[in-house]
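Shown next, in C-alpha cells, is the structure this report addresses.
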Amino acid sequence: MMTRLALIGCGENAASYTTVTSRLPNVVFVAVVDPEPDVAQRIADSLGASITANSLDDLLDQHLDAFDAVLIPESSGSRVSLAMRSAETGKHVLVASPLSPSAQTAEDVINACRSANVRLMVSHSLRFMPSQQEVKAALTDGKLGEPGLLRMHRWTESTDQSDADGIMMGQTVDGIDLAIWLFDGMPTEVYAVSRPSYVQVHLGFAGGGMALIDDARTLPSGGEYFSLSLIGSTGAAYADDHHNRNLLFRGGDPSAIETDLGSLHLTAQLQEFVAAIEEQREPAANGADSQAALQVAEAAVASLQSRQALRLIGGTYELV
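Quick note on this note's numbering: the sequence shown kicks off at 40 and runs consecutively.
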C-alpha cells in the first residue's frame, strides 16, 4: 500500500523530507501547498511531487482524490484549522507540535479526527530522536528499573526576549511530552519558575519520581543544544548527543556546531504515521498524548502566575 502525502506549508525544514521518502518505499509526496508559488514549486520539485497549490482549500477543491494524508509542519501558523479541515475531508493528519494553543482546542481536533475515522499524529520530535528511543527501550526492557530522576536541558537561539508563557506553551510542550512518555503517566505535581527567555519546570510523578526540565531561548546563533539524563532504580541513561551538536566555549559567546543528525527522527515519525494508517490503529504521539502535554503546560503557566505548585486532583490540576 502506497500512502500519498500532501505537504501543507514550506518551512525551512521542508526539503529535509527529500531523504526521508527515499528511505520509505511505501510513502510518496504528491502535492505541496504554499502561498508563494515559487517556493511551492521548488519544494515540490525536490520531493518529486507533481501538484502545487496556494492553499489547502485550493488543493481540496481541485485534487481531493490525489492524496491520502497531510503533513502540517511547524511553519503552518493555523495548524488547528488546517488539521480539522483535512480531517473533515477524510485525510489522515500528521501535525507539528504543539497541536494547538490549549488542551481544550486540542480536544476539538481530536474529536474531528475521531468523527472522520482518520489517524491523528503529532510530531513530538524529541520522542523520535534515536537517543531518546534508546532510553525508552532501556526502560521498557527493565534495564533501568523504575524511572526516578529525569533531567532535561534544551537551549535554543532567539533574537529577542521571549515571554515565559510563550516558551511554555510552545517548545516546552515537547519536553513535557517526553517526560510523560518516559514515566508512562501524568505528573501528580507541577511547579515552574522563569526568567527572561527561560523556564524551568518541576514535575512530580507517582511513586516519588521527578522530572526537571530547563528550557531556554538564550543561545546565540549556532543551533540547538540538548541533553537528557535519567536515573532509574537499577540503572541510568545519559543521552548527550545534543542533536549531534557540540557546544563550544572559546571566550565570548558559546557556539554550537552541527555534526549532522540527518533526518532519522523525521524518518521514524513518518514511518510510524504510515504504519498507523495501514494498520488502522492509533499512532504513537497521538492527539491524546499531545493534549496531555498541553494540560501539564497549562498547569505550569498557572504555577508561574501564582508562584505556587499545582496537584492533579480528579483529572485536573489545582493550586495547593
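Note that CB positions come from ideal geometry on N, CA and C, so glycine has one too.
Select from the options the residue whose C-alpha is nearest the C-alpha of residue i.
| i | options | result |
| --- | --- | --- |
| residue 47 | 90, 64 and 61 | 90 |
| residue 70 | 352, 53, 141 and 255 | 53 |
| residue 234 | 203, 63 and 152 | 203 |
| residue 275 | 221, 334, 194 and 330 | 221 |
| residue 43 | 225, 132 and 121 | 132 |
| residue 230 | 56, 76 and 348 | 348 |
| residue 278 | 129, 190, 98 and 99 | 190 |
| residue 240 | 158, 257, 264 and 215 | 215 |
| residue 308 | 60, 51, 331 and 50 | 60 |
| residue 207 | 354, 84, 141 and 340 | 340 |
| residue 113 | 98, 55 and 50 | 50 |
| residue 110 | 320, 313, 354 and 338 | 313 |
| residue 248 | 184, 257 and 205 | 184 |
| residue 329 | 217, 273, 157 and 179 | 217 |
| residue 57 | 77, 76 and 81 | 81 |
| residue 245 | 224, 263, 236 and 257 | 224 |
| residue 151 | 122, 254, 338 and 117 | 122 |
| residue 107 | 159, 141, 272 and 338 | 159 |
| residue 209 | 154, 138 and 120 | 138 |
| residue 205 | 154, 103, 337 and 171 | 337 |
| residue 342 | 180, 232 and 333 | 232 |
| residue 324 | 178, 311 and 236 | 311 |
| residue 335 | 226, 263 and 344 | 226 |
Buried or exposed, going by whether 16 or more other CB atoms sit within 10 Å of the CB of residue i?
| i | result |
| --- | --- |
| residue 96 | exposed |
| residue 352 | exposed |
| residue 346 | exposed |
| residue 162 | buried |
| residue 359 | exposed |
| residue 242 | buried |
| residue 128 | exposed |
| residue 322 | buried |
| residue 306 | buried |
| residue 331 | buried |
| residue 302 | buried |
| residue 173 | exposed |
| residue 267 | buried |
| residue 117 | exposed |
| residue 104 | exposed |
With a CB to CB cut of under 7 Å and the five nearest residues on each side skipped, what residues in its chain are close to residue i?
| i | result |
| --- | --- |
| residue 270 | 187 and 188 |
| residue 213 | 136, 163, 164 and 165 |
| residue 87 | 68 |
| residue 317 | 40 |
| residue 144 | 119 |
What is the residue span of the beta strand (DSSP E) that residue i lies within?
| i | result |
| --- | --- |
| residue 241 | 237-243 |
| residue 257 | 249-258 |
| residue 61 | It is not in any beta strand (DSSP E) - residue 61 instead sits in the alpha helix (DSSP H) that spans 56-62. |
| residue 89 | Residue 89 -> no beta strand (DSSP E), and no H or E assigned at all. |
| residue 99 | No beta strand (DSSP E) holds residue 99; the alpha helix (DSSP H) holding it covers 95-102. |
| residue 51 | Careful: residue 51 lies outside any beta strand (DSSP E) and carries neither H nor E. |
| residue 357 | 355-358 |
Got a sec? Which residues, its chain only, sit under 8 Å from residue i by beta carbon, not counting five neighbours each side?
| i | result |
| --- | --- |
| residue 94 | 72 and 74 |
| residue 41 | 65, 66 and 67 |
Mind checking which residues open and close the alpha helix (DSSP H) that includes residue i?
| i | result |
| --- | --- |
| residue 85 | 76-86 |
| residue 273 | Residue 273 -> no alpha helix (DSSP H), and no H or E assigned at all. |
| residue 312 | 303-318 |
| residue 71 | Where residue 71 is concerned, there is no enclosing alpha helix (DSSP H), although the beta strand (DSSP E) it sits in stretches over 66-72. |
| residue 343 | 326-345 |
Using a Cβ-Cβ cut-off of 6 Å (strictly less than) and excluding sequence neighbours within five positions of residue i, which residues of its own chain qualify?
| i | result |
| --- | --- |
| residue 168 | 304 |
| residue 83 | 71 and 91 |
Pick out the complete alpha helix (DSSP H) segments inside the stretch 108-159, 4 residues or longer, and give them in chain order. Counting only runs of 4 or more, we get 118-127 and 142-155.
Please give me, in chain order, every unbroken run of the beta strand (DSSP E) with length at least 3 that falls completely inside the stretch 164-244. Qualifying beta strand (DSSP E) stretches, in chain order: 186-196, 228-234 and 237-243.
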